[in-house]
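If you count the sequence shown from 1, position 39 lands on 30 in my numbering, and the numbers rise without skipping. In this text, a Cβ means the ideal position worked out from N, Cα and C, and glycines have one as well. Model, not experiment: these values are computed from the prediction. Beneath this line is the structure, given in structure tokens, with notes to follow.
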Amino acid sequence: ILFVGEAPGYDEDQKGVAFVGRAGHLLTRMIAAMGYTREEVFIGNILKCRPPNNRTPLPDEMATCIPYLKRQIAVLQPKVIVAMGATALKGLLEDPGLSIMRMRGKWLEYKGIDLMPTLHPAYLLRKPEAKADVWEDLKEVLARLGREPPKRK
Ligand code: URA
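Structure (structure tokens):
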């Protein structure tokens, strides 16, 4: 599974690793709830460096970085891509008009690879009531891979 976010934040910029701050901690727990470890999936971003003041990436910044992500996908050949948030969805499908709120939970395709759009973990930190929707999306991903979430201990 390839999880795609938006861009590194402060913590990611310091460490050179995607999703290692607060949103990353939640993502790690989401991955664990699915029955995987971070080492068993790949976590990447649309942008490879942090936009000033964490602002939303500009179209030209996305266009600069997306060829790199495309190469990553070609090398990784993921079975499923989880696009987390509007930037990942718009960037991967190269359609700035897409709405993550309207598209989440609906299977799409990126170059023949199943793509599930869902909400970004940073959004879930602000709106925990949306976690149930994201869990539905992640269970869809598991079902597509022929897996079930592990029983909670
Ligand atoms: N948010 C993202 O979109 N990516 C990260 O790596 C961290 C936070």
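Just list the residues that DSSP pairs residue i with in beta bridges.
i	result
Tyr36	Going by the sequence as given, residue 36 is Asn instead of Tyr. Its beta-bridge partners are Gly(-4).
Asp105	Val71 and Glu100
Would you kindly report the start and end of the unbroken alpha helix (DSSP H) that includes residue i?
i	result
Glu85	Run containing Glu85: none; DSSP gives neither H nor E here.
Tyr1	Tyr1 to Lys6
Leu110	Here Leu110 belongs to no alpha helix (DSSP H), and DSSP marks it neither H nor E.
Val125	Lys122 to Arg135
Rounded C-beta distance between residue i and residue j? I'm assuming under 8 Å.
i	j	result
Pro69	Ile104	6 Å
Arg138	Gly26	7 Å
Asn44	Gly(-4)	Contact flag wrong, Cβ pair sits at about 17 Å.
Asp128	Gly96	5 Å
Could you check if residue i is buried or exposed, using at least 16 other CB atoms within 10 Å of its CB as the buried criterion?
i	result
Gly7	exposed
Leu116	exposed
Pro141	exposed
Lys81	buried
Gly88	exposed
Thr78	buried
Thr109	buried
How far does the beta strand (DSSP E) with residue i in it extend, from its first residue to its last?
i	result
Leu60	That residue, Leu60, is in no beta strand (DSSP E); its alpha helix (DSSP H) goes Pro50 to Leu67.
Lys100	Looking at the sequence shown, residue 100 is not Lys but Glu. Its beta strand (DSSP E) spans residues Leu99 to Tyr101.
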